[in-house]
Amino acid sequence: MALSILQFLLLSLCLVTYTQAHSTESAPPRFGRFGATVTRSRREVAAALTTDPALAKLLVQNEAWAENMDETRPGFFNTSAQSQNPAVLWLGCSDSRVPESVITNSLPGDIFVERNIANQVLSTDTNILAVLTYAIEHLNVSRIVIAGHTHCGGVQYCYDQAASLPTPTPNPLPPLPDPVLNTWLSGLYTLAVRLLNNPSISTSAPQDADAAMELITVENVRMQVESTSELDVVQKAWNEGKDLRIVGWLHQLENGRLKDLGICAGPDGDVGCSL
Amino acid sequence: MPAELIARLLDSNATWASDVSHAEPTFFPESTKGQSPKMLWIGCADSRVPESVVVACKPGDIFVHRNIANQFHPKDDNVLSVLTYAVEALNIDHIVVVGHTYCGGATHCWNNAGAAPVSPSLASDPLTRWLGPLTILARQQQSGPDATDAEKAIRALIEKNVELQVLNVARTSIVRDAWKKGRDIHVYGWVYELENGRLRDLEVSISRENALPM
C-alpha cells in the first residue's frame, strides 16, 4: 500500500510528532558459523534468530518511537514506571486489526487489556478471571469495555459450521473441526446455532449471510457483557458499592469506527446504565 | 470522570478513523478482506505495554494475546486457542513472548512467595491460581544465591519467566507438529523496559533447529 510507515505513525500516534526519517534497513546480520559441521550453541542460534528481518524491523521501530517519546514527552517513561492507573479494562479480540490503543489514540498507561479469540469471557477461564480480579480489585478500574468487531474469524468459524448443519439441528451438535477451538468457542457456536435456527433469518443470499454474521457478532458481545456481570468478582464489587460498569462496543473494520452498542451492565442492572 | 474518559476514547477513535481514511482511503476497506499478521505477541495485560504503540505498528500487523504476567500455561484453553489460530489459521511463524520491568504480577509473586499456599495452582482465588507457576519460580529463585537485592531479583525473575514461557510455547504439540511438517516457526523472548520504552531481546529464542527433543 502507498501509506509509508512514516505517514501512518503520524496518524495513528497523533500526539507524537515524528521528525526523523525512518530507515527500513535492519541492523547488519551477524550470522554464526552457518555451514559449519560443528553444532552451534543455543546462544549462537538464538543470536542469529534475533536478527530475523521481520522482527529486527520492529525493534528498530521501537527504538525510533522511544527516542521520539523522549523528545516530545520528556520524563514520560520515568513517570510510567512508578505505577499504572488505567480507568478502563478492554476485553477484546486477538485480531491484529483491532489494537485498542492505536484505534483510540491512547498512550501507554491508559487501557488495561486482555485479548483472546472472539473476545470471550468464560466463567471457567482462570486466565480472564485473573485479569478481571487484578483490574477490579488491584487497579480499581471503573469501566470494562467488551469489544467485538466485524469480520471476526472466530464468529465466522462458528457461523460456517452452524450454517451447514442439517434441519432439524442434530442433537448433540457435531463439534467444530479443531478440538481446542471447539472447547474455547462452544458458547459462541451454540449461540450461532440458536440464532440461525430463528425462522426469520435466512442465510442463502450473501447479504443475508452478512446480516447473520453481524447479528451473531453483536449478540456475542451481549452474551459476554452478561457473563461478565454474573462473575463473583463483579458482583462483589457491586455489593461493595463500586460504580463499575460493563459496556459492549463493536469495532467496524469497514471504516475504523468504534460503535457503542448501547449494551451495558451496572450496579443498578440495565436501568440508566450507559458509559 | 470515568464516563468522560471512556467517551473520550470514542471521540479519539472517530478522529483517528477520519484521519486514516483521508490519508489512505483504501486502508479500511482492504482490511475487511482478511488479516495476515506476521507475528503473535504474547504479552502482559499491563496498560503500559500496548504492543502496537511501542513498536509503532498498524492494525493488521500483530496478532495479540495479553494476560497477567505474560503467561503461557500449557493447559490454558484461552492461550492454546490463540496459538492454534495463529499458527494454523493465520500461518504465523514468529511468536514473541514479551515480559516487562515493573510487572505487578512478578512483583506480587516475589513479595508473597513465602505466604502463598503450598500449591498455589490449586487455590480458590483465580489470581493466586493463575500466578501459581510464577510463584513457584519465585520460590526457586529465593532459595538460590543473590536473593537479597529484591529489585535485581525481581528483574531476574521477570526474565526467567519469559524464558520459561518461551519453552512452554515450544513444547506445545501445535508448534511441534508444525515443525514436523517443515514449518519454520521461531519463538522469541523479549523484555520491555518501562523506564525507557525500549524492547530488549533476551536471546532465549527457540526454533526447530535448537529445540531440545522431548
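Here the protein sequences come in this chain order: A and B.
Take the first sequence: its position 153, counting from 1, is numbered 153 in my numbering, and each next residue is one higher.
Take the second sequence: its position 73, counting from 1, is numbered 1073 in my numbering, and each next residue is one higher.
For each residue, glycine too, the CB sits at the ideal point set by N, CA and C.
Please report whether the beta-carbon of residue i lies at a distance below 8 angstroms from any beta-carbon of chain D.
i         : result
B/Thr1107 : The structure shown contains no chain D; its protein chains are A and B.
With a threshold of 16 other CB atoms inside 10 Å of the CB of residue i, please say whether the residue is buried or exposed.
i         : result
A/Leu306  : In the structure displayed, chain A extends from 1 to 275; residue 306 of chain A sits before or after that span and is not available.
A/Asn220  : buried
B/Gly1034 : exposed
B/Glu1195 : exposed
B/Asn1070 : buried
B/Leu1080 : buried
B/Pro1074 : exposed
B/Val1055 : buried
B/Asn1067 : buried
B/Ala1017 : buried
B/Val1118 : exposed
B/Lys1152 : exposed
A/Gln84   : buried
Would DSSP call residue i helix, strand or coil?
i         : result
A/Asp268  : coil
A/Leu250  : strand
B/Arg1171 : coil
B/Arg1200 : strand
B/Gly1182 : coil
A/Ala21   : The pLDDT assigned to A/Ala21 is 37, lower than 50, so where the model puts this residue is not dependable; a value taken from the coordinates is nonetheless given after this. Here A/Ala21 sits in coil by DSSP.
A/Arg194  : helix
B/Lys1075 : coil
A/Glu230  : coil
B/Glu1209 : coil
A/Ile263  : strand
A/Arg257  : strand
B/Arg1176 : helix
A/Arg97   : coil
A/Cys273  : coil
Considering residue i, what are the terminal residues of the beta strand (DSSP E) in which it resides?
i         : result
A/Ala56   : Taken as a continuous stretch (DSSP letters only), A/Ala56 belongs to no beta strand (DSSP E), being part of the alpha helix (DSSP H) at Pro53 to Thr72.
A/Gly92   : Val88 to Cys93
B/Glu1193 : His1186 to Glu1193
A/Ala147  : Arg143 to His149
B/Asn1067 : Ile1062 to Asn1067
A/Glu100  : Per DSSP, A/Glu100 belongs to no beta strand (DSSP E); it is in the alpha helix (DSSP H), Glu100 to Ile103.
A/Val113  : Ile111 to Asn116
Could you pull the start and end residues of the alpha helix (DSSP H) that residue i belongs to?
i         : result
A/Gly154  : Gly153 to Ser164
A/Asn85   : A/Asn85 -> no alpha helix (DSSP H), and no H or E assigned at all.
B/Val1055 : Per DSSP, B/Val1055 belongs to no alpha helix (DSSP H) and is neither H nor E.
A/Glu183  : Checking the sequence, you will find Thr at residue 183 of chain A rather than Glu. From DSSP, the alpha helix (DSSP H) with A/Thr183 extends over Pro179 to Trp184.
A/Ala205  : Note, A/Ala205: premise wrong, no alpha helix (DSSP H); not H, not E.
A/Leu131  : The residue asked about is misnamed: residue 131 of chain A is Val in this sequence, not Leu. Thr126 to Thr133 is the extent of the alpha helix (DSSP H) around A/Val131.
Practice task
Inspect the CB distances between the segment 189 to 207 of chain A and the segment 156 to 166 of chain A and report whether three or more fall short of 8 angstroms.
Solution key: The segment 189 to 207 of chain A vs the segment 156 to 166 of chain A: in contact.
Problem - Contact between the segment 1079 to 1088 of chain B and the segment 173 to 182 of chain A (3+ Cβ pairs under 8 angstroms) - result: yes
Practice task
Mind the definition here: the segment 143 to 155 of chain A touches the segment 107 to 121 of chain A only if three or more C-beta pairs lie below 8 angstroms; say whether that holds.
Solution key: yes
Practice task
Would you be able to state if there are at least three C-beta pairs under 8 angstroms between the segment 91 to 100 of chain A and the segment 1019 to 1039 of chain B?
Solution key: By the Cβ criterion, the segment 1019 to 1039 of chain B is in contact with the segment 91 to 100 of chain A, since at least three pairs of Cβ atoms, one from each stretch, lie closer than 8 angstroms.
Exercise for the section: Ignoring anything shorter than 4 residues or poking outside the segment 1005 to 1052 of chain B, list the alpha helix (DSSP H) runs there in chain order. Expected result: 1027 to 1031
Problem - Entirely enclosed beta strand (DSSP E) segments - the segment 1084 to 1169 of chain B, minimum 3 residues - result: As far as the segment 1084 to 1169 of chain B is concerned, its whole beta strand (DSSP E) runs of at least 3 residues are 1094 to 1100.
Exercise for the section: Pair every Cβ in the segment 1104 to 1118 of chain B with every Cβ in the segment 1168 to 1185 of chain B, then say whether three or more of these pairs are closer than 8 angstroms. Expected result: no
Practice task
Inspect the CB distances between the segment 1162 to 1171 of chain B and the segment 1094 to 1109 of chain B and report whether three or more fall short of 8 angstroms.
Solution key: Contact check between the segment 1162 to 1171 of chain B and the segment 1094 to 1109 of chain B: three or more CB pairs, one atom from each, fall below 8 angstroms, which counts as touching.
Exercise for the section: Could you tell me whether the segment 1196 to 1206 of chain B touches the segment 54 to 64 of chain A, where touching means 3 or more Cβ pairs closer than 8 angstroms? Expected result: Yes: at least three Cβ pairs fall under 8 angstroms.
Exercise for the section: Would you check if the segment 1131 to 1141 of chain B and the segment 1047 to 1062 of chain B touch, i.e. whether three or more CB-CB distances between them fall below 8 angstroms? Expected result: no
Exercise for the section: May I ask you to verify whether the segment 1003 to 1018 of chain B touches the segment 66 to 79 of chain A, counting CB pairs closer than 8 angstroms and requiring at least 3? Expected result: These segments do not touch.
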